[in-house]
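Residue numbers (the numbering used here), protein chains in the order written: chain A, 25 to 354; chain B, 25 to 354.
First the structure, in the form of structure tokens, and then the observations on it.
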DNA sequence: CAAACCTTTACAAAACATAGACAAAAATTA
DNA sequence: TAATTTTTGTCTATGTTTTGTAAAGGTTTG
């Protein structure tokens with residue numbers, strides 16, 4: 025994979041506009057007024073852009089929709105822009121006292137484990153306030169990505185296990201879901217998603233009352249640049265399909281964390297497939313997804329194997345989506 | 025520890041207002057009169073703020089709503105402000121009771137209606153992003169209290185009605201719940217709740233899947249100075265009772281918005297009463313609460329009649345609670 | 001030659017700015 | 001307690017800046 029800052033990749037303004045989501049006229053206006061990008065020219069005078077220019081315009085577009093004024097940020101470097109969008113999380117939080125020094129991934133993992141223990145203790149003690157406070161601090165210290173990967177994901181797994189052994193009750197899970205749900209606001213601020221981002225619906229099918237897995241999936245997808253509509257738990261196939269239709273989503277993620285012996289889940293999955301058709305990617309994850317393997321195969325859904333697997337899946341689908349979208353536009 | 029990074033993060037006043045919860049006019053007034061913040065300017069004279077300015081305004085906003093006079097605290101450092109709020113565990117809950125806002129009440133109501141229409145349109149169009157954006161703006165413009173009373177409360181009623189007529193589907197309600205849930209973070213932020221606040225559990229009994237009412241109750245109680253643990257919908261009596269026990273809550277609010285003919289709700293209510301005993305106030309509200317009137321009477325629960333009724337109830341219970349607590353301490 | 005691009009100029013809506021006024025709330029004084 | 005001053009949030013009026021969009025008319029490209 026070569027990052028081309030050379031002449032090899034050259035685009036005209038129309039392409040740039042489509043890919044970045046900024047209208048042609050506006051691209052020119054931004055150049056004229058703020059020198060936001062400085063494309064080279066053909067001999068005839070047409071603007072010629074590089075991949076970096078596109079990336080730049082994309083970021084600028086995100087940043088403006090996040091509340092920054094274009095005049096103020098147009099001349100920032102690519103790194104500064106990335107930094108700007110990435111740090112939006114920690115800055116919306118009150119505790120500014122923690123230093124933004126970047127930790128190594130090892131440190132982060134250790135720190136995350138530390139937090140994980142504290143958070144689990146708060147869950148066990150049924151202390152919602154304390155739990156939220158730990159989460160807030162962890163997000164600031166770890167950054168949203170590490171927060172998800174090294175803290176939230178393992179924590180939810182642990183909660184699931186302890187729930188099975190009886191150390192935790194359903195109500196613990198409800199409380200935790202509630203706290204995490206209110207945190208999505210901070211997490212989302214990190215990634216203001218552009219207009220043309222691929223859309224996804226996240227929910228759980230009828231009979232599946234546990235929403236922690238779905239919540240995690242939703243947050244992850246948002247951080248990967250998806251525009252997610254989260255619907256909560258326990259929805260009928262028709263309802264979920266309606267949401268897919270309303271939002272024009274190209275992917276649908278379901279979490280199945282409880283193995284039932286009735287045929288509800290299987291039936292719902294089959295109905296869903298029929299309702300949403302083939303152009304919508306069906307993704308299923310969760311502790312008990314394996315229990316329904318045969319149906320999953322039959323219906324043709326993608327089964328999430330792990331944290332990283334889901335992330336890959338998300339990125340893969342996003343690029344696929346963009347490719348087909350570009351094709352349609354041309 | 026001073027954080028001096030992010031000269032790059034620059035916002036105009038509208039964004040600052042949205043993030044901090046302080047109206048634009050007031051931001052300027054605070055600057056003019058007390059130099060509470062000292063933004064740089066664009067060449068054209070527009071104010072440009074940093075993330076720290078936003079954090080500062082957020083804190084100042086909290087502190088003023090806690091009873092401090094802006095003139096006295098405007099020039100304190102960030103750390104001092106944090107310290108101030110941290111020690112503020114004994115703030116009296118003046119939030120809902122002391123400000124009847126008679127002067128702009130008409131205007132606010134009008135504004136709220138305006139927003140309400142926009143929000144309902146967003147719900148109908150199934151546009152979660154737009155809905156959230158309207159909510160955010162409304163919170164800044166109306167303030168939390170009017171937001172709840174004149175916007176959220178009637179909006180939820182309307183959604184309930186339209187749901188019955190079939191104009192809206194269950195999935196609309198789920199989406200709306202999800203958006204509102206993530207907003208609780210902002211709403212709560214404006215009203216930090218004291219340590220010794222009375223505690224409350226909010227949920228819905230088994231079979232009651234609609235959580236909008238419960239959500240509204242939870243938000244209201246938080247604004248009234250309660251420390252609320254929200255559990256979401258559809259929980260068994262044992263689970264709810266466990267939460268009450270864990271948190272040592274002195275009140276329990278349930279929302280019942282769907283009239284069923286089976287005896288589940290009645291059974292659950294009886295069991296709950298038995299489980300939590302007499303020292304916990306049982307409060308029930310929601311569209312369909314009247315349908316179970318006989319059980320409510322039998323078990324001895326308080327039935328929410330209206331928005332203002334619930335508010336009175338909350339304040340009454342809070343003062344009662346404080347009285348008995350003081351007695352015990354003496 | 002048509003489609004796409006260029007530049008320049010203009011326009012309008014939204015957002016900001018300043019200055020000053022006003023009234024409710026809070027503090028102070030009589 | 002009543003009258004006063006101060007504080008503080010809000011609003012109005014009027015002008016400017018920012019910013020997205022569009023029109024007009026010429027040029028390049030395939």
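Yeah, the Cβ is synthetic: ideal placement off N, Cα and C, and Gly gets one too.
No experiment lies behind these values; they were computed from the predicted model shown.
- [ ] May I ask you to verify whether the region 188 to 203 of chain A touches the region 248 to 256 of chain B, counting CB pairs closer than 8 Å and requiring at least 3?
- [x] As far as the Cβ criterion goes, the region 188 to 203 of chain A touches the region 248 to 256 of chain B, which means the pair count is three or higher.
Open item on the list: Counting only C-beta atoms, is residue 194 of chain B closer than 7 Å to chain A at any point?
Closed with: yes
Open item on the list: Considering only the alpha carbon of each residue, which of B/59, B/49, B/78 and B/249 lies closest to residue 355 of chain B?
Closed with: Outside the shown range of chain B, which is 25 to 354, sits residue 355 of chain B, and nothing can be said about it.
Open item on the list: So for residue 86 of chain B, helix, strand or coil by DSSP?
Closed with: helix
TODO: Kindly list the residues whose CB is nearer than 8 Å to the CB of residue 337 of chain A, restricted to its own chain and excluding five residues on each side of it in sequence; keep chain order.
DONE: 307, 326 and 328
- [ ] Could you name the residues of chain B that residue 88 of chain A contacts, counting a contact when the two beta carbons are closer than 8 Å?
- [x] Chain-ordered listing is empty here: chain B has no CB closer than 8 Å to the CB of residue 88 of chain A, the nearest sitting near 10 Å.
- [ ] May I ask you to list, following chain order, the residues of the region 128 to 155 of chain A that have a beta carbon less than 9 Å from some beta carbon of chain B?
- [x] 149, 150, 151, 152 and 153
- [ ] Could you check what DSSP says for residue 92 of chain A in three-state terms: helix, strand or coil?
- [x] strand
TODO: Work out the CA separation of residue 52 of chain A and residue 185 of chain A for me, nearest whole Å.
DONE: Residue 185 of chain A and residue 52 of chain A: Cα-Cα distance of roughly 56 Å.
- [ ] Would you mind working out which of A/286, A/251, A/299 and A/239 sits nearest residue 13 of chain A, comparing C-alpha positions?
- [x] This structure cannot speak to residue 13 of chain A, because chain A is shown only from 25 to 354.
- [ ] Find the residues of chain B that neighbour residue 198 of chain A, judging by a C-beta separation of less than 7 Å, and give them in chain order.
- [x] 255, 256 and 259
Open item on the list: Between B/266, B/334 and B/283, which has its C-alpha nearest residue 301 of chain B's C-alpha?
Closed with: B/266
Task: Rounded C-alpha distance that separates residue 180 of chain A from residue 335 of chain A - done: As the crow flies, the alpha-carbon of residue 180 of chain A is around 17 Å from that of residue 335 of chain A.
TODO: Can you tell me which of the three DSSP states residue 256 of chain A falls into?
DONE: coil
Task: Among B/169, B/178 and B/96, nearest to residue 141 of chain B - alpha-carbon criterion - done: B/178
- [ ] Label residue 67 of chain B either buried or exposed according to how many other C-beta atoms from any shown protein chain fall within 10 Å of its C-beta, with 16 as the threshold for buried.
- [x] By the neighbour-count rule (16 or more Cβ atoms within 10 Å), residue 67 of chain B is not buried but exposed.
Open item on the list: Check this for me: beta carbons of residue 264 of chain A and residue 313 of chain A, under 7 Å apart or not?
Closed with: Judged by their CB atoms, residue 264 of chain A and residue 313 of chain A are not nearer to each other than the 7 Å cut-off.
TODO: Mind checking who residue 308 of chain B pairs with in its DSSP beta bridge?
DONE: B/278 and B/327
- [ ] Examine chain B for any beta-carbon lying closer than 7 Å to the beta-carbon of residue 284 of chain A, and answer yes or no.
- [x] no
Task: Spatial neighbours of residue 295 of chain B in its chain, beta-carbon cut-off 7 Å, leaving aside the 5 residues before and after - done: 261
Task: Contacts around residue 304 of chain A, its chain only, beta-carbon distance under 8 Å, and the 5 residues preceding and following it disregarded - done: 268, 273, 274, 275 and 276
- [ ] Express the C-alpha separation of residue 231 of chain B and residue 88 of chain A in angstroms, rounding to a whole number.
- [x] Across the structure, residue 88 of chain A and residue 231 of chain B are spaced so that their CA atoms are roughly 44 Å apart.
TODO: Leaving aside the five residues before and after residue 223 of chain A along the sequence, list all residues of the same chain whose C-beta is less than 8 Å from its C-beta, in chain order.
DONE: The residues are 250, 251, 252, 253, 271, 272, 273, 274 and 275.
Task: Per DSSP, the bridge partner or partners of residue 251 of chain A - done: In the DSSP assignment, residue 251 of chain A forms a beta bridge with A/223.
Open item on the list: Please confirm whether residue 288 of chain B has its beta-carbon closer than 7 Å to some beta-carbon of chain A.
Closed with: no
TODO: Check residue 63 of chain A in the structure and name its three-state DSSP category.
DONE: coil
Open item on the list: Can you give me the C-alpha to C-alpha distance between residue 123 of chain A and residue 48 of chain A, rounded to a whole angstrom?
Closed with: Since pLDDT at residue 123 of chain A reaches only 29, below the 50 mark, its modelled position is unreliable, and no value is offered.
Open item on the list: Taking the straight line between their C-alpha atoms, what separation do you get for residue 100 of chain B and residue 81 of chain B?
Closed with: 11 Å
- [ ] Assign residue 72 of chain B to one of three DSSP states: helix, strand, or coil.
- [x] It is a strand residue.
- [ ] Please say whether residue 150 of chain A and residue 207 of chain A have beta carbons closer to each other than 7 Å?
- [x] no
- [ ] Could you tell me whether the Cβ of residue 96 of chain A comes closer than 7 Å to any Cβ of chain B?
- [x] yes
Task: Chain-ordered neighbours of residue 201 of chain B on chain A, where CB pairs are closer than 8 Å - done: 256
TODO: For residue 39 of chain B, decide whether its Cβ has a neighbour in chain A, counting only Cβ atoms nearer than 7 Å.
DONE: yes
Open item on the list: Measuring only the C-alpha atoms, how far is residue 323 of chain A from residue 172 of chain A?
Closed with: 30 Å
- [ ] Give, in chain order, every residue of the region 40 to 68 of chain A whose Cβ lies closer than 9 Å to some Cβ of chain B.
- [x] none
Task: 8 Å Cβ shell around residue 298 of chain A - same chain, five flanking residues per side excluded - done: none
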